[in-house]
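A.B. asks:
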Amino acid sequence: MLEITNLRASVEGTEILKGLDLSVSPGEVHAIMGPNGSGKSTLAHVLAGRDGYEVTGGSITLDGEDLLAMEPEERARAGVFLGFQYPVEIPGVSNVYLLRAALNARRKARGEPEIDAVQFLKLVREKARMMKLEDSFLQRGVNEGFSGGEKKRNEIFQMAVLEPRLALLDETDSGLDIDALKVVSSGINALRSPARSFILVTHYERLLTHVQPDFVHVLAAGRIVRTGDRGLAEELEAGGYDQVLAAVNS
Amino acid sequence: MTLLEQDTQVLADAVARRAAANNDAAWPADLRAARERALRLFTEQGLPGTRSEAWRYTDLRDWGARLAKALGSDTRDRITVPDATPLPELEDAPTIVIANGCLSGEPGGLPAGVTLSRLGDPQGRAACADALMEQLGRGLDPLGALNSALFEDAVLISIADDARIETTLQLVLATSDGVAAQPRILVHLGRGSRARLFLRQVSSGEAFSNALIEFGCGEGASLDLLRLQEEGDRAMARSALTFQLGRSAQLDLTSLDLGGLAIRNELLVRLHEQDARVRINGLQFVDGTRHADNRSCLEHLAPRTTSEETFHGIADGRGKAVFNGLVLVHPGANGTDARLGNRNLLLSPHAEVDTKPELEIYTDDVRCSHGATTGQLDADALFYLASRGIDRDMARRMLVSAFARQVLSTERWPPALVTALGEQLTARLPHGDPS
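Top line first, the protein sequences correspond to chains A and B. Heads up: the first sequence begins at 1 in the working numbering, then just goes up one per residue. Heads up: the second sequence begins at 251 in the working numbering, then just goes up one per residue.
(1) Would you verify that the beta carbon of B:Q656 is, or is not, closer than 7 Å to some beta carbon of chain A?
(2) So which residues on chain B does A:R77 lean against when the C-beta distance must stay under 8 Å?
(3) Could you list which residues in chain B have their beta carbon closer than 8 Å to that of A:D51, in chain order?
(4) Using DSSP with H/G/I as helix, E/B as strand and the rest coil, what is B:A445?
(5) Can the beta-carbon of A:V161 be found closer than 7 Å to that of A:L99?
(6) From the DSSP output, in three-state form, read off B:S685 for me.
(7) Which residues in chain A sit within 8 Å of B:A636, going by Cβ to Cβ distance?
(8) Report the residue from B:L495, B:H600, B:E341 and B:D474 whose alpha carbon sits nearest the alpha carbon of B:L658.
(9) With a floor of 4 residues, list each alpha helix (DSSP H) that falls wholly inside the region 79-140 of chain A, ordered by position along the chain.
(10) By the DSSP assignment, the alpha helix (DSSP H) with A:I188 in it spans what residues?
(11) Quick one: using the 10 Å Cβ neighbour count with 16 as the cut-off for buried, is A:E114 buried or exposed?
(12) By the criterion of Cβ-Cβ separation under 7 Å, what are the contact partners of B:A652 in chain A?
(13) At a Cβ threshold of 7 Å, is A:R107 touching chain B?
(14) So which residues of chain B does A:Q85 contact, with C-beta pairs closer than 8 Å?
(15) Comparing the C-beta of A:L253 with each C-beta of chain B, is any distance below 7 Å?
(16) Using 8 Å as the cut-off, can you tell me whether the region 62-72 of chain A makes contact with the region 237-246 of chain A, which would need three or more C-beta pairs spanning the two stretches below that distance?
(17) Do you know how far the Cα of B:L518 is from the Cα of B:G682?
(18) Tell me which same chain residues have a C-beta within less than 6 Å of the C-beta of B:I348, skipping the five on either side of it?
(19) Going by DSSP, what residues sit across from B:I435 in a beta bridge?
(20) Suppose only complete runs of 3+ residues qualify. What are the beta strand (DSSP E) ranges in the region 515-540 of chain B, listed by chain order?
(21) Please determine if the region 65-77 of chain A and the region 99-111 of chain A are in contact, where contact requires at least 3 C-beta pairs separated by less than 8 Å.
(22) So, is the C-beta of A:L191 closer than 7 Å to a C-beta in chain B?
(23) Pick out whichever of A:L236, A:G222, A:D214 and A:T227 has its Cα sitting closest to the Cα of A:H203.
(24) Under the three-state reduction of DSSP, which class applies to A:P72: helix, strand or coil?
(25) Within 8 Å, do at least three Cβ pairs link the region 216-228 of chain A to the region 265-277 of chain B?
(26) Quick one: does B:M648 have its CB under 7 Å from some CB of chain A?
(27) Please list the residues of the region 461-493 of chain B that have a C-beta atom closer than 8 Å to any C-beta atom in chain A, keeping them in chain order.
(28) Counting only beta-carbon separations shorter than 7 Å, does B:Q674 have a partner in chain A?
(29) Would you decide whether B:A262 is buried or exposed? Buried here means 16 or more other CB atoms lie within 10 Å of its CB.
(30) For B:E286, report the span of its alpha helix (DSSP H) as first-last.
(31) Determine, for A:A102, whether the minimum Cβ-Cβ distance to residues of chain B falls below 7 Å.
(32) Any beta-carbon of chain B closer than 7 Å to the one on A:V248?
(33) Keeping to the same chain, check which residues put their C-beta closer than 7 Å to that of B:S685; ignore five residues upstream and five downstream.
(34) Once DSSP output is grouped into helix, strand and coil, what is the label at B:V616?
(35) Using beta-carbon positions only, say whether B:L491 and B:F448 come within less than 7 Å of one another.
(36) Assuming B:A542 contacts B:G510 (C-beta within less than 8 Å), just tell me the rounded distance between them.
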């Protein structure tokens, strides 16, 4: 589904990703772990198409299509979803308005009619309940004045409504207390399906005790240096990045 | 004579000729004498130039030419008056129309507690004249003098003491193509009264309007005022709104400037007695080569007075938006709480914003803050929307519209009206392509 080959990317002239390879098949959950500054968030932003990240080499394809040739909105319509580490506050644009615009943008791109208002409300209410968000939340400005936990729940809520094929969750677990982490994890688990893949970018192992990954990758200095299963995350938790990286380098 | 002096003379002559034709023989002698003085003041001084600090960003030379032309060709009897598009919730609202400076027809359906008098009518004359004399005694700037010398009628809207007017009153100022209108309006809210007023400004073609509106709010009175300026795109309009707030009086003003070729608004709020409060939410939008200049002066004259002003500007194309906000805290106004904020969105590299929020404080016991920002659309927010599949045009439109709508509050106005106004804003606003 997603093929990343020898990806190189720079930010303001500094190379961050230095030949990264990753292959994700439908239904798989991949965790990308790594120390600060290893390039985890850069990878998520390059995949979503953020300005300021210059791809200097390699390729990314989604179902054989060149993802790098697409605008961020086209990637979203093709089924890529980025859950932000720091969701942006957009005062004056309500959650529900954003979601309706997003759904309709995708429908329009596919030549489908706009979503029926009743059907839409039913959908967002159902997903909001799943994320334990009150109905009043729908009318609030996007992330406006939300707590850290609410912002992250909102990201997963948006993902639930938009039903992407590839979800990139950038440090979705950071800043969450244990209750919020459970809500967010069960939201992610509820969305797991044979057709949908996930890339979980995370610094800590704790999210992975709630969302079981199929693969764990260690990213260091812009490349994936080790790949394993769930056990690798535990190893990292026990020994720290230093120990694991030292073993790789030796 | 320089060209400029020549223009000034032409304008002075046109104003003097029009004043000589004033149909005010039946008005009180002292009022007529005051008008004479105003005329002399204007003919001596002419329009202020850009060297005067208050007019630094608004050049009135084009206004002078427009004014002289309009005064020279009196077509008022043959012209049509533009209508204001009805808004939901207000279709049946009692409406007072001031067409080209004169009351148009007899407004029906005014609620109990509201009286309308006008200078042109012998019955209401004394009340109007008294209020005007008081106003004229306070001194005039050149445009105030122009209005005073030439207004053809004055209208006084009075709200009785303790009257709680729940119906929204609509006041429409309409100016026709080729006319120079001098609307003069007085609004008086009695002690403990409450009123909601929707002020609309519309025009067609090359209209010129110079409106003076004075509001007096008695002790404990509460006024919600929504001003929607939708002048035509060739109009030149200046309005001066003055408010005098008594003890514990409250003013909530929402001011929306969407139209006009050249717009200048002056807002003076005098928090005259203790515990008076004012809240202002403003928006000005310019595009093309349009110009809007909003000035406000909030004067704290008594203890524990509160002011909160939030003003947003949006400039696109080669438009120019000017904001000048002054909070003036007089000696003895202890416990003043004043907040003034101006935020501007520049949507084009050729657009211009000039902003100057100012505090002048002559007492120690105050809480005051002021600030101004000017910037482009937030790149993080644009990317966030794009990452949800929303294309750039739509994302820009959403952000511009959200920025504009922030000044609309549903606290004071019916939600359906606020929704309709929000839609109107969105329809009027550009998508803000910066290229």
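C-beta: ideal position from N, C-alpha, C; glycine also.
C.D. replies: A quick look at the data gives this:
(1) Counting from one through the second sequence, the residue named residue 656 of chain B turns up at place 406. It does; some Cβ of chain A falls within 7 Å.
(2) Stepping through the first sequence from its first residue, residue 77 of chain A is reached at position 77. Simply G639.
(3) As a working mapping, residue 51 of chain A is identified with position 51 in the first sequence. Residues of chain B passing the Cβ test: A629 and F633.
(4) Locating residue 445 of chain B in the second sequence gives position 195, counting from the first residue. Of the three classes helix, strand and coil, the one that applies to B:A445 here is strand, per DSSP.
(5) In the first sequence, the residue the question calls residue 161 of chain A occupies position 161. In the first sequence, the residue the question calls residue 99 of chain A occupies position 99. Closer than 7 Å, so yes.
(6) Position 435 of the second sequence, counted from the start, is the residue given in the question as residue 685 of chain B. With a pLDDT of 33 at B:S685, under the threshold of 50, the modelled position of this residue cannot be trusted; read the value that follows with caution. DSSP places B:S685 in coil when its eight states are reduced to three.
(7) On the second sequence, position 386 is the one that residue 636 of chain B refers to. Within chain A, the residues near B:A636 are G49, E71, P72, E73 and A76.
(8) Within the second sequence, the letter at position 408 stands for residue 658 of chain B. Taking only the C-alpha atoms, the option nearest B:L658 is B:D474.
(9) Scanning the region 79-140 of chain A for uninterrupted alpha helix (DSSP H) segments of 4 residues or longer gives 95-109, 117-130 and 136-139, listed from N- to C-terminal end.
(10) Translated into positions along the first sequence, residue 188 of chain A becomes position 188. First-last of the alpha helix (DSSP H) with A:I188: I178 to L191.
(11) Looking up residue 114 of chain A in the first sequence gives position 114. By the 16-neighbour rule on beta-carbons within 10 angstroms, A:E114 is exposed.
(12) Numbered from its first residue, the second sequence carries residue 652 of chain B at position 402. Per Cβ cutoff of 7 Å: I90, P91, G92 and V93.
(13) Locating residue 107 of chain A in the first sequence gives position 107, where the first residue counts as 1. Residue-level contact by beta carbon fails for A:R107 and chain B, as no gap is shorter than 7 Å.
(14) Counted from its first residue, the first sequence places residue 85 of chain A at position 85. Those within 8 Å of A:Q85 in chain B number zero; the least Cβ separation is about 12 Å.
(15) This structure gives no information on residue 253 of chain A, because the portion of chain A shown stretches from 1 to 250.
(16) Flag = no, the region 62-72 of chain A and the region 237-246 of chain A do not touch.
(17) Here residue 682 of chain B refers to the residue found at position 432 of the second sequence. Here residue 518 of chain B refers to the residue found at position 268 of the second sequence. With a pLDDT of only 44 at B:G682, under the threshold of 50, the placement of this residue in the model should not be trusted, and no figure is reported.
(18) For this step, residue 348 of chain B is matched to residue 98 along the second sequence. Excluding positions up to five away in sequence, the list reads L423 and P433.
(19) Here residue 435 of chain B is taken as the residue at index 185 of the second sequence, counted from 1. Partner(s): B:V405 and B:I463.
(20) List check, beta strand (DSSP E) in window: 527-536.
(21) With a cut-off of 8 Å, the region 99-111 of chain A and the region 65-77 of chain A count as touching, because enough Cβ pairs lie within range.
(22) In the first sequence, residue 191 of chain A corresponds to position 191, counting from 1. No Cβ of chain B is located within less than 7 Å of the beta carbon of A:L191.
(23) Counting from 1 along the first sequence, the entry for residue 203 of chain A is found at position 203. When each option's Cα is compared against that of A:H203, the closest is A:L236.
(24) Locating residue 72 of chain A in the first sequence gives position 72, counting from the first residue. Three-state result, A:P72: helix.
(25) Touching, no, given that fewer than three Cβ pairs across the two stretches are closer than 8 Å.
(26) By 1-based counting over the second sequence, the position of residue 648 of chain B is 398. Judged by the 7 Å Cβ criterion, B:M648 is in contact with chain A.
(27) Result list empty, no residue passes.
(28) Translated into the one-based positions of the second sequence, residue 674 of chain B becomes position 424. No, B:Q674 lies away from the interface with chain A (no Cβ there is under 7 Å from its Cβ).
(29) Translated into positions along the second sequence, residue 262 of chain B becomes position 12. Buried, since its Cβ has 16 or more Cβ neighbours within 10 Å.
(30) For this step, residue 286 of chain B is matched to residue 36 along the second sequence. Counted as a single uninterrupted DSSP element, the alpha helix (DSSP H) harbouring B:E286 occupies residues A279 to Q295.
(31) Counting from 1 along the first sequence, the entry for residue 102 of chain A is found at position 102. Residue-level contact check: A:A102 touches chain B, since one or more beta carbons of chain B fall below 7 Å from its beta carbon.
(32) For the purposes of this step, residue 248 of chain A is identified with residue 248 of the first sequence, where counting begins at 1. No, because no Cβ of chain B sits closer than 7 Å to the Cβ of A:V248.
(33) Taking the second sequence and counting its residues from 1, the one referred to as residue 685 of chain B is at position 435. Low confidence applies here, because B:S685 scores a pLDDT of 33, under 50, leaving its location unreliable; read the following figure in that light. The answer is none, since no qualifying residue turns up.
(34) Against the second sequence, residue 616 of chain B aligns to sequence position 366. DSSP, reduced to helix, strand and coil, places B:V616 within a strand of the structure shown.
(35) Position 241 of the second sequence holds residue 491 of chain B. Position 198 of the second sequence holds residue 448 of chain B. No, the pair does not count as a contact, with Cβ atoms beyond the cut-off.
(36) Numbered from its first residue, the second sequence carries residue 542 of chain B at position 292. Numbered from its first residue, the second sequence carries residue 510 of chain B at position 260. Approximately 7 Å separates the beta-carbon atoms of B:A542 and B:G510; this is inside 8 Å, confirming the contact.
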